[in-house]
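In this note's numbering, the protein residues as written are -14 to 345.
A virtual CB, placed ideally from N, CA and C, is assigned to each residue, including glycine.
In this text the structure is predicted, and so the values were computed from the model without any measurement.
Here the structure comes first, spelled out in structure tokens, and everything after it is commentary.
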């Protein structure tokens, strides 16, 4: 007797009946060459339970069955293993606009009571629809307060709105109230995709996404062609020399570059050319080309990357090309510099040290 009771107790530990979930889907089909339309509604009730639940569908207080009403069909979809029942309302009639209840039961196993969920179907029942108060790509400056509104344009019953962020959770300090999302004092780490989702269990959820880009620049890099990273490489007077400047930025395509020689804007000529987006280099890179290198080309070349009109510190890299000191490379942002490694470069017969200063 004790072992039987033990098995019964253990069975009650495993017995369970979750709250049912009811979703609604509608289809509209043309009949006889668009002379009229048929609207069919599917009410889908799903529940997790142990043992498998029994389903009862009701319209108002009346239990539904196909044998009593040929306007309805109740069936179990394929591959659902008994946890789903669908009530199909074929070619909606006036009496089909009513309240429907899905009642689930494990027949009082271990004293577990029945559970139910009700949905009211009307002639205005519709899936959710959304629009955003901003463009789908939103570019802002660091430190700004960002507010985005997700506005309902349809849906009955009234949809519920929820905000999410990818990758990761919403930023610390972000506040989501209904369809309004506020992110105070945004920083570069707050960039990402912000998703507004509306659900009312009718049709598919509606979703709108804002790609928030917080302006930023980092990782200034400099390249000299021919490659001077290799030690003791010779650059001969009369050769062509290309200085290339690149920063990692958000948004990348909005970065502008300016070149200076000895503190003054570099003057374009037949022998000094500035190009952008060299196909051999990373996207949005600026290059200064010196054609037929002369002694007069020696000097300090400065590349400044910036977001015009935005409160984002400029990022700059400079290279010294001198008959005495050769090439010295420096990086600068906000006046903070740290000395990096050195590489030897030969310009003609002159030995040079190429020093790279990297932003800390």
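| request: Quick one: residues in its chain with C-beta nearer than 6 angstroms to the C-beta of residue 103, no 5 flanking neighbours on either side, listed in chain order? | output: 84, 86
| message | For residue 1, list the residues DSSP reports as bridge partners. | response | 35
| message | Just list the residues that DSSP pairs residue 196 with in beta bridges. | response | 122, 178
| request: Return helix, strand or coil for residue 259, following the three-state DSSP convention. | output: strand
| Comparing alpha-carbon positions, which option in 0, 77, 185, 195 lies nearest residue 133? | 195
| Residues of its chain near residue 136, where Cβ-Cβ distance is below 8 angstroms and the 5 sequence neighbours each way are ignored | 115, 116, 117, 118, 164
| query | In whole angstroms, what is the alpha-carbon distance linking residue 296 and residue 128? | reply | 9 angstroms
| said: Let's see if you can read the secondary structure: which residues bound the beta strand (DSSP E) around residue 105? | reply: 100 to 105
| task | Note the first and the last residue of the continuous beta strand (DSSP E) segment covering residue 202. | result | 201 to 210
| task | Give the range of the beta strand (DSSP E) segment to which residue 90 is assigned. | result | 84 to 90
| query | Quick one: what does DSSP say residue 282 is sitting in, helix, strand or coil? | reply | helix
| request: Determine the direct distance from the alpha carbon of residue 59 to that of residue 51, and round the result to whole angstroms. | output: 7 angstroms
| message | Need the endpoints of the beta strand (DSSP E) that residue 135 sits in, please. | response | 131 to 141
| Using the rule of at least 16 other Cβ atoms within 10 Å of the residue's Cβ for burial, across every protein chain shown, is residue 170 buried or exposed? | exposed
| Start and end of the beta strand (DSSP E) containing residue 151? | 145 to 151
| Counted within 10 angstroms of its Cβ, other Cβ atoms place residue 238 as buried (16 or more) or exposed | exposed
| query | Hey, residue 240 and residue 290: beta-carbon distance below 8 angstroms or not? | reply | yes
| task | Within its chain, find whatever has a CB closer than 6 angstroms to the CB of residue 282; leave out the 5 residues flanking it on each side and keep chain order. | result | 275
| task | Inspect the beta-carbon positions of residue 140 and residue 183 and report whether they are closer than 8 angstroms. | result | yes
| message | Can you list, in chain order, the residues of its chain with a C-beta nearer than 6 angstroms to that of residue -3? Leave out the 5 residues immediately preceding and following it. | response | 95
| task | Look up residue 9 in the DSSP assignment and say whether it is helix, strand or coil. | result | strand
| field | Rounded separation between residue 229 and residue 273 - CA only | value | 6 angstroms
| query | Relative to the C-alpha of residue 55, which residue among 46, 265, 38, 75 is closest? | reply | 75
| message | So the candidates are 244, 226, 200; which of them puts its Cα closest to the Cα of residue 294? | response | 200
| One or two residues paired with residue 242 in a DSSP bridge | 290
| query | So residue 190 packs on residue 113, CB below 8 angstroms; how close in whole Å? | reply | 7 angstroms
| message | residue 70 and residue 27 - do their beta-carbons sit closer together than 8 angstroms? | response | no
| request: Would you kindly work out how many angstroms separate the C-alpha atoms of residue 259 and residue 203, rounded to a whole number? | output: 22 angstroms
| Who does residue 57 pair with in a DSSP beta bridge? | 74
| said: Taking the alpha-carbon of residue 211 as reference, which of 223, 40, 227, 198 has the nearest alpha-carbon? | reply: 227
| So residue 229 is in the beta strand (DSSP E); what residue range does that whole segment cover? | 226 to 235
| task | Name, in chain order, the residues that DSSP records as bridge partners for residue 28. | result | 9, 72
| query | Under the rule that 16 or more other beta-carbon atoms within 10 Å means buried, what is residue 270, buried or exposed? | reply | buried
| request: Determine the closest residue to residue 351 out of 162, 154, 131, with distance taken between C-alpha atoms. | output: The chain is shown from -14 up to 345; residue 351 falls before or after that span and cannot be answered.
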